[in-house]
Structures are given as structure tokens and as C-alpha cells.
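2 protein chains.
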Amino acid sequence: MSTAPRVGRREQKRFDLERRVRDTAWDLVSERGYSEVTVEDIATGAGVSVATFYRHFAGKDMLLTRRWLSAERLVDILPSIDRDHGLPGAARSLFETYAGAVDAYDVDLLTRLTVIHRDVGLQVAMTKGRNEDVATLAGIYADIVDQPPRTLAIQLAAALTATARITTMGRWAELGGLVSLQVLLAETAETLAPALASCETATFTSRALVDR
Amino acid sequence: MSTAPRVGRREQKRFDLERRVRDTAWDLVSERGYSEVTVEDIATGAGVSVATFYRHFAGKDMLLTRRWLSAERLVDILPSIDRDHGLPGAARSLFETYAGAVDAYDVDLLTRLTVIHRDVGLQVAMTKGRNEDVATLAGIYADIVDQPPRTLAIQLAAALTATARITTMGRWAELGGLVSLQVLLAETAETLAPALASCETATFTSRALVDR
Chain A
19 MSTAPRVGRR EQKRFDLERR VRDTAWDLVS ERGYSEVTVE DIATGAGVSV
69 ATFYRHFAGK DMLLTRRWLS AERLVDILPS IDRDHGLPGA ARSLFETYAG
119 AVDAYDVDLL TRLTVIHRDV GLQVAMTKGR NEDVATLAGI YADIVDQPPR
169 TLAIQLAAAL TATARITTMG RWAELGGLVS LQVLLAETAE TLAPALASCE
219 TATFTSRALV DR
Chain B
19 MSTAPRVGRR EQKRFDLERR VRDTAWDLVS ERGYSEVTVE DIATGAGVSV
69 ATFYRHFAGK DMLLTRRWLS AERLVDILPS IDRDHGLPGA ARSLFETYAG
119 AVDAYDVDLL TRLTVIHRDV GLQVAMTKGR NEDVATLAGI YADIVDQPPR
169 TLAIQLAAAL TATARITTMG RWAELGGLVS LQVLLAETAE TLAPALASCE
219 TATFTSRALV DR
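As they're listed, the protein sequences go chains A and B.
Residues in the first sequence are numbered from 19 upward in steps of one, following our numbering.
Residues in the second sequence are numbered from 19 upward in steps of one, following our numbering.
Below you can see the structure in the form of C-alpha cells.
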């Protein structure tokens, strides 16, 4: 007798519980603001104990902030990055993959983005993850153009790309999703392209100094 | 008899006290990290009461985080912005003025930047001010190119400029000030210029939609 269905059911139960907790958390945060919602509030609202909450989530931050380039996501994203057209091509393909993934599986993203866009407390909680995303992206870019990742040019290319994505998502949320995210991100990638191209060829004074 | 000298002395006393509190705060934060330092620690270290601290500063955040485009600074910065060469010219002149001001009056900036660059807690505390700076800059840019400030193009131009500045300052701090900040920021402004130029002329789908 196979045990697969049993495991499936248990995983489904875990998935349902985590979804319920997540949805409750977003409802509460959009009502009261990030800083006014405690783990206790979320657990009570979702009908679970605080101990159960912590068996599934490390805390309020981890539950609500989801990194763009987290290790789990990178597995899907890395193979689809265009490595043959420099940094502009890499950014374009990155945005395209991201917009595609978002369209496919996260229908609540718009609601969540609207909350994030309005809630400084939540943005503050995301600062650490954003720094990590920039560092990850700098590593990917450095690899593509075969440069060291800590130069100003590569740091700049990564930070500009990350900021461009966040700004575009914010504007998309503000417009209530009236415009396709895929279209907006493609336009942003085009706008960004010349700066990324110049990061690729720029010889910053600091670069010469570090290379010596 | 003129009262000017008396006022001068009182202001000098206030200035000295605020400087002492600020320096103490930076020393403590660079030793222990932002999140481990309380207002009580700072007051004790500077030899003032907590009540005196709060007569001079609204809190730990306000004391350590200084906005790039705060109202006080804008008074000096605004007249020196180049309005005749589009967004690239505006960013170039903005960075130049900023680097000049930094050279002239804040010798401790490098130490402070090194702390900020390493301390996520402090970066988190600065998130709100950074958002306000982007909004201020979007207003300035919108005015220069005569476009509404909330379009994606203008938001993008402002966010990219702000990120470029922060990334450059971080790299400057990391290099221990070995390279002139003025030179680095000028190079960053050049790298950024083509993206700002394309923000100026870009016709984003969202723009067409909002204008309707």
C-alpha cells in the first residue's frame, strides 16, 4: 500500500493552515497597519495557538515579507535569465520571468502590494530582504559580465534594477492593476537598459583603484 | 547695548551640546549597533538628562538619520539645480552640490556612512526619510520637465537617482574615502544620465492611461 496519499493529505492540511494564517495577517495589516498587528492577533484571527503559529512561521516579518530573489525563487528564475545580451538583456528577462510567475500564481499580489505601498512599517520590515536581493543580483550580474561583484558599477546596476522593479510594482498597485504588470515591467526594463549598458562599460575611478 | 553677543553665546552652547550628544550617539552605535543603543545610553554618555535630550531631539531616529533632501537642506540645494539640461543635468548638479556641501562641513560623514553601511537597524530607521526624499525629488523633477509627478517615468527617475546616490555613498564608505566623493558622484551621474533621459521622453502605457 502506498503512503503517498497520506503525505499528500498532511501537506494539504499544512498548506491550508499557512494560507489561512497568511490571509488573516494581510487582512489585519490592511485594516490596522503593520505596526499595530501582533503575532497574537494573527494567531487568534486565524484560530490557531501562538505555539502553532511559531511552528509554521519565524515571525510576523517572515510571514508578510517575501523576497523577490529568495533562494526558493532563484531555482526557478536563474535558468530563464538571458546571459547573452549583457545586463540590459539580463534585467529584461528577469522582469519578464517575474511578471509571468506573478500572473500565474499570486492573484492576491495586487492587494498585498497596495498595503505595502501605503504602509511604511511594512516597508521598513522589508529593508533587510531588499539589501539581500541587491547582493544576490550583484552576484548574478557580475557573473554575466565577468566582473568582480563589489565594484561600484555592478553594485549600481543591481541597486538600480531592484529599485526599478519596486517602483514599478508600487505604481502598478497604485493604478489598481489597470495596466498589465508584464507591459509595465517591460517598459521599465527598456528605460533602464541604457544605464545598465553604461554600468557594463563604465570605468569608475574606484574600479581602477580596487583592481590595482 | 546690543543683545546679539548674548544670543550668540546661548546658541553656541546649544550647538556644542547637540554636537556632543550626536557624537556620543555615533560612538555608541558604531560600538554596539543601532538596535542596542537607547536614548538613556546616549544621554548618560553625553552627560545630559533624558529630559534635556528630548528638549533637543525628537528621538534616536531623528538624531542619527539626516535626510538628503530635508526642508533645511533644500533651501541651499534648490537654487543650484541646473534646470536647463533636463533630468540628467538636474541630477548632475544635485550630486555636485551635495558632494561640495559634504566636503565643506561634515568631516565625520565617512565614519557615519561606514556605520550606516554595516548596520541594518539604522538603514531600517532611515527607510521613511528615504521615501520622503524620493517624493521631494519627484516633485523637483516633475517641475523641471513639466510633467505630473506621479507618473511612472518621474517616480522611476527620482527613485533611480536616490538609489544611485545611496549606492555611491556606500561604496565610498567601503573604500574608506580613498576616492574623492565628488569624482565618484560625477561618474555615477554620467552612468545614470541615459536612463534619466529616457525617463524624460518615455511614454509609458500607464502615462497614457492616467492622462486620459
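Idealized CB from N, CA, C, for every residue including glycine.
Contact annotation for residue 212 (chain B) against chain A: 211, 212, 213, 215, 216 [CB-CB distance below 9 angstroms, chain order]. With a 10 Å radius around the Cβ and a threshold of 16 neighbouring Cβ atoms, residue 144 (chain B) comes out buried.
DSSP places residue 113 (chain A) within a helical segment (H, G or I) once states are collapsed to three. Chain order gives no chain B residues near residue 78 (chain A), where near means a beta carbon separation below 8 angstroms; the closest approach is about 14 angstroms.
By the Cβ test, the stretch 127-145 of chain B is not in contact with the stretch 161-168 of chain B, since fewer than three Cβ pairs between them sit closer than 8 angstroms. Within chain A, the residues placing a beta-carbon under 8 angstroms from that of residue 177 (chain B) are 181, 182, 184, 185, ordered along the chain. The straight-line gap separating the alpha-carbon atoms of residue 91 (chain A) and residue 115 (chain A) is approximately 11 angstroms.
The count of Cβ pairs closer than 8 angstroms, one atom from the stretch 202-215 of chain A and one from the stretch 35-54 of chain B, stays below three, leaving the stretches out of contact. No Cβ-Cβ contact shorter than 7 angstroms links residue 151 (chain A) with residue 44 (chain A).
The beta carbons of residue 133 (chain A) and residue 201 (chain A) sit no closer together than 7 angstroms. Going by C-alpha positions, residue 187 (chain A) is about 10 angstroms away from residue 127 (chain A). Taking the CA atoms as reference points, residue 158 (chain B) sits about 13 angstroms from residue 180 (chain B). Taking 7 angstroms as the cut-off, the Cβ atoms of residue 209 (chain A) and residue 147 (chain A) do not count as close. If you look at residue 216 (chain B), you'll find it in the alpha helix (DSSP H) that goes 199-219. Taking C-alpha positions only, residue 155 (chain A) is separated from residue 170 (chain A) by approximately 14 angstroms. Excluding its 5 nearest sequence neighbours in each direction, residue 68 (chain B) has C-beta neighbours in its own chain below 7 angstroms: 57, 58, 61, listed in chain order. Put simply, the CB of residue 141 (chain B) is near chain A, with a gap under 7 angstroms to one of its CB atoms. In this structure, the alpha-carbon of residue 112 (chain B) lies about 15 angstroms from that of residue 185 (chain B). In this structure, DSSP gives residue 53 (chain A) a helical state, which the three-state scheme calls helix.
Here residue 66 (chain A) carries a coil assignment [DSSP, helix/strand/coil]. Taking residue 53 (chain B) as the centre and dropping the five residues before and after it, the same chain places the C-beta of 139 closer than 7 angstroms to its C-beta, in chain order.
In the structure shown, residue 137 (chain B) falls within a coil segment according to DSSP collapsed to helix, strand and coil. Using a Cβ distance threshold of 7 angstroms, residue 207 (chain B) and residue 109 (chain B) count as a contacting pair. Nearest neighbour of residue 77 (chain A) by Cα position, chosen from A:93, A:55, A:98, turns out to be A:55. Under the Cβ criterion of 7 angstroms, residue 163 (chain B) is not counted among the residues facing chain A. When secondary structure is reduced to three states using DSSP, residue 102 (chain A) falls in the coil class, being assigned neither helix nor strand.
Taking C-alpha positions only, residue 51 (chain B) is separated from residue 198 (chain A) by approximately 43 angstroms. Here the C-alpha atom of residue 31 (chain A) lies approximately 30 angstroms from the C-alpha atom of residue 96 (chain A). When 7 angstroms is used as the limit between beta carbons, residue 206 (chain A) is near these residues of chain B: 174, in chain order.
Spanning the alpha carbons of residue 64 (chain B) and residue 174 (chain A) requires a straight line of approximately 38 angstroms. If the five residues before and after residue 79 (chain A) are omitted, its C-beta is found closer than 6 angstroms to the C-beta atoms of 143, all from its own chain and listed in chain order.
As the crow flies, the alpha-carbon of residue 183 (chain B) is around 23 angstroms from that of residue 203 (chain A). Where residue 165 (chain B) is concerned, there is no enclosing alpha helix (DSSP H), because DSSP gives it neither an H nor an E. Nearest CB-CB separation between residue 145 (chain B) and chain A: below the 7 angstroms threshold. In this structure, DSSP gives residue 195 (chain B) a state outside helix and strand, which the three-state scheme calls coil. Scanning chain B for C-beta atoms nearer than 8 angstroms to the C-beta of residue 133 (chain A) yields nothing, as the closest lies near 15 angstroms away.
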